[in-house]
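So the structure is just underneath, and the comments pick up after that.
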Amino acid sequence: MRHVAIVGSGPAGFYTAEALSKAFGSGIGIDVLDRLPVPYGLIRFGVAPDHQSIKAVAKRYEKVALTPGVRFLGNVHLGADVSIEELLHYYDAVVLATGAPLDRRLGIPGDDLAGVIGSAALVGWYNGHPDFADLDPPLGVSHAAVIGNGNVALDVARILSKTPAEFAGSDIVAHAFEALANSAVRTITILGRRGPYQIAMTPKELGELGCLEAAAPLVDPADLPPPEADAALEPGQRKSVEHLRAFAAAGPQEGKSKTIAFDFFAKPLAIEGEGRAERIIVERTALGPDGQARGTGETYAVPAGLVVSCIGYASPPIPGVPYDEALGRYPNEGGRIAERLYAVGWARRGPTGTIGTNRPDGYEVAERIAALFPPGGEPSGRAGGDGLDRLLESRGCDPVPFADWQKIEAAEVAAARAGFTREKLVRVPDMLKAGGH
Ligand code: NAP
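Okay, structure coming up:
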């Protein structure tokens with residue numbers, strides 16, 4: 014019998030559990046730990062609430078969690094409840110699937126002003142993450158700015174501009190739904206430090222901006238290269254650029270009360286305001302021969318009482334695990350950090366790729382673990398989940414098994430407002446109570 018602990022119950026964690034379970038069959042005990050009482054990580058707290066079809070992949074993870082030999086243990090905090098050393102003592106291998114939950118800082122003057130928010134915090138707020146339930150973003154302002162040209166920037170701009178009716182069928186939490194319904198934001202500027210050809214936005218997500226009820230996207234035609242140059246683009250990027258061209262051709266739209274304005278070649282230099290964000294000073298850029306943005310010296314101000322930086326994420330240091338400050342994650346080779354210690358997903362690769370990218374990642378690390386422990390090999394005699402259970406009990410911890418998550422989920426679905434899929438519980442004590450703890 015082998016024992017593996019996976020820390021983190023998002024996509025990377027569950028794909029790894031699935032792969033290990035297939036590789037070892039009944040010869041393995043897999044514990045998937047999460048610091049929150051609820052599973053699915055990025056699916057629950059990162060994927061936008063109006064992208065329910067993407068969230069549906071949780072059904073696949075549920076199947077894994079219900080596989081014999083696999084346990085979900087929520088409300089178990091690596092660091093506070095159990096250390097890496099202890100997990101390595103009880104389990105044959107430990108896999109970090111802890112994601113990249115920290116916002117990368119802009120690192121410019123004024124980035125600590127009130128009204129400047131990282132995307133992890135804002136997305137966590139509208140998705141009901143307990144850490145951000147009290148964020149209270151300043152939505153009483155008329156101008157917001159979103160920094161970054163990736164899909165998270167699109168999510169944020171779209172959520173900030175949707176009407177209440179457009180949230181039908183979503184699982185946006187009540188506090189965010191109400192705050193957004195009363196929002197005074199009318200102009201959202203998406204700042205990209207490079208140009209339309211360098212966006213990291215995928216076509217489907219970008220196209221959604223053209224179909225909003227009250228908001229219209231706006232692109233300055235002068236920012237777009239000549240159309241014939243599009244032929245050299247990779248097909249996905251060409252489609253994205255086609256959307257930008259369509260937005261530019263449509264121009265400002267009468268009858269739409271909100272504008273999502275793309276501002277390309279605009280590098281944030283500073284955020285200014287009297288005690289809180291009021292404007293961003295940006296520098297006009299041009300692309301250098303290496304394709305990177307070079308400042309031109311020309312600066313201007315973009316009004317913004319709310320600034321959301323969507324410039325990527327980092328993983329936090331974990332005591333006992335090597336950490337690369339510059340990369341913001343755990344240095345590893347093909348997922349191996351150290352003897353019997355692995356990383357998958359964003360903890361392994363950094364914050365890029367789709368949910369599906371985590372699948373081969375998890376399978377590769379599972380193969381490495383399987384190679385380490387070939388069938389018929391000497392058992393290590395490690396205590397596995399029984400050992401962890403005893404340790405957690407001795408520490409007065411209160412792990413939440415999958416069956417109790419199912420009670421939490423049933424309570425959330427039962428509490429759904431009319432037209433929504435669920436009303437997420439956003440406080441850990443409420444989650445525990447609904448789970449029967
Ligand atoms: P991302 O795709 O890496 O985009 C980050 C953006 O931030 C880039 O445009 C980057 O510009 C910009 N940036 C970085 N540092 C900056 C700085 N100091 N100042 C100004 N701009 C800066 O990251 P993401 O949007 O956080 O998304 C993370 C991953 O999740 C991506 O793989 C994304 O596709 C995925 N995702 C997918 C969906 C979906 O499929 N629906 C939704 C959300 C997220 P440069 O290019 O110039 O560096």
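Everything in the sequence shown is counted per the numbering used here, starting at 14 for the first residue and increasing by one.
C-beta: ideal position from N, C-alpha, C; glycine also.
_Residues bridged to Lys271 [DSSP beta-bridge criterion]_ = Ala228
- Since Val129 sits in a beta bridge, which residues does DSSP pair it with? Among the bridge pairs identified by DSSP, Val129 is matched with Val320.
Any heavy atom of the ligand NAP closer than 7 Å to the CB of Asn140? no
Exercise. Given that a residue counts as buried once 16 or more other Cβ atoms are within 10 Å of its Cβ, and exposed if not, what is Arg362?
Worked result: buried
task: State the Cα-Cα distance for the pair Arg440 and Gly448, rounded to the nearest angstrom.
output: So the alpha carbons of these two residues sit roughly 12 Å apart.
For Pro344, which residues of its own chain have a beta-carbon under 6 Å away from its beta-carbon, when the five flanking residues on both sides are left out?
Pro335, Asp337
Between the Cα of Pro209 and those of Gly112, Asp147, Leu135, Ala259, spot the shortest distance and give me the residue it belongs to.
Ala259
| said: Only counting the same chain, and skipping five residues up and downstream in sequence, which positions put a Cβ closer than 6 Å to that of Val107? | reply: Ala18, Leu100, Leu101, Leu354
ask   = Candidates Gly347, Asp94, Ala327: which alpha carbon is nearest Gly341's?
value = Ala327
What does the alpha-carbon distance come out to for the pair Gly92 and Val20? 11 Å
- request: Report the three-state DSSP secondary structure of Thr200 (helix, strand or coil).
  value: strand
If you drop the 5 nearest sequence neighbours on each side, which residues of the same chain put their C-beta closer than 8 Å to that of Ile121? Pro281, Leu282, Ala283, Ile284
Q) Where does the unbroken beta strand (DSSP E) through Arg297 begin, and where does it stop? A) 292-300
Could you give the distance in angstroms between the alpha-carbon of Leu404 and the alpha-carbon of Phe145?
-> 30 Å
Open item on the list: Using a 10 Å radius around the Cβ and a threshold of 16 neighbouring Cβ atoms, would you call Gln65 buried or exposed?
Closed with: Classification for Gln65: exposed.
Among the candidates Thr370, Ala351, Ala227, whose CA atom is the shortest distance from the CA of Trp359? Thr370
My output table needs one value for Ala235: the three-state DSSP class, helix, strand or coil. helix
| task | Give a single yes or no on whether Arg57 has its beta carbon closer than 7 Å to a heavy atom of the ligand NAP. | result | no
Note to self: Let me make sure I understand the geometry here. Which of Val60, Phe37, Asp47 has the alpha-carbon closest to that of Ser183?
What the structure shows: Val60
What does the alpha-carbon distance come out to for the pair Ile43 and Lys35? 11 Å
What does the Cβ neighbour count give for Glu352, buried or exposed, with the cut at 16 atoms within 10 Å? exposed
### Query
Around the Cβ of Thr313, are there at least 16 other Cβ atoms within 10 angstroms (buried) or fewer (exposed)?
Contrary to the premise, residue 313 reads as Tyr rather than Thr in this sequence. Exposed, since its Cβ has fewer than 16 Cβ neighbours within 10 Å.
Comparing C-alpha positions only, which one of Gly400, Ile67, Glu291, Asp399 sits nearest to Ala127? Glu291
*asked:* Using the Cβ count rule (16 or more neighbours within 10 Å means buried), how would you classify Val169?
replied: buried
*Contact check, Tyr454 vs Gly375 under 8 Å by CB: the rounded distance?*
Not covered by the structure: residue 454. The range shown for the chain is 14 to 450.
(message) In this structure, how does DSSP classify Thr370 when only helix, strand and coil are distinguished?
(response) helix
Problem - Burial state of Arg430 (16 or more Cβ within 10 Å) - result: Of the residues assessed, Arg430 falls on the exposed side of the cut-off, its CB having fewer than 16 other CB atoms within 10 angstroms.
Exercise. Which word fits Thr200, buried or exposed, when buried means at least 16 other C-beta atoms lie within 10 angstroms of its C-beta?
Worked result: buried
Between the beta-carbon of Ile273 and the beta-carbon of Ile160, is there less than 8 Å? no
- Message: Whole angstroms are fine: how far does the CA of Val198 sit from the CA of Ala317?
- Response: 10 Å
- Check the DSSP bridge columns for Lys280 and list the partner residues they point to. Glu296
**Report entry** Cα-Cα separation, Gly394 to Leu385
**Finding:** 15 Å
- prompt: Is there at least one non-hydrogen atom of the ligand NAP closer than 7 Å to the beta-carbon of Pro364?
  reply: yes
Inset, instruction - Compute the distance between the beta-carbons of Leu219 and Ser253, then report whether it is under 8 Å. - result: Yes, they are a contact pair.
Quiz prompt | Helix, strand or coil at His156 [DSSP, three-state] | solution = Reduced to three states, the DSSP call for His156 is strand.
| message | Once DSSP output is grouped into helix, strand and coil, what is the label at Ala18? | response | Of the three classes helix, strand and coil, the one that applies to Ala18 here is strand, per DSSP.
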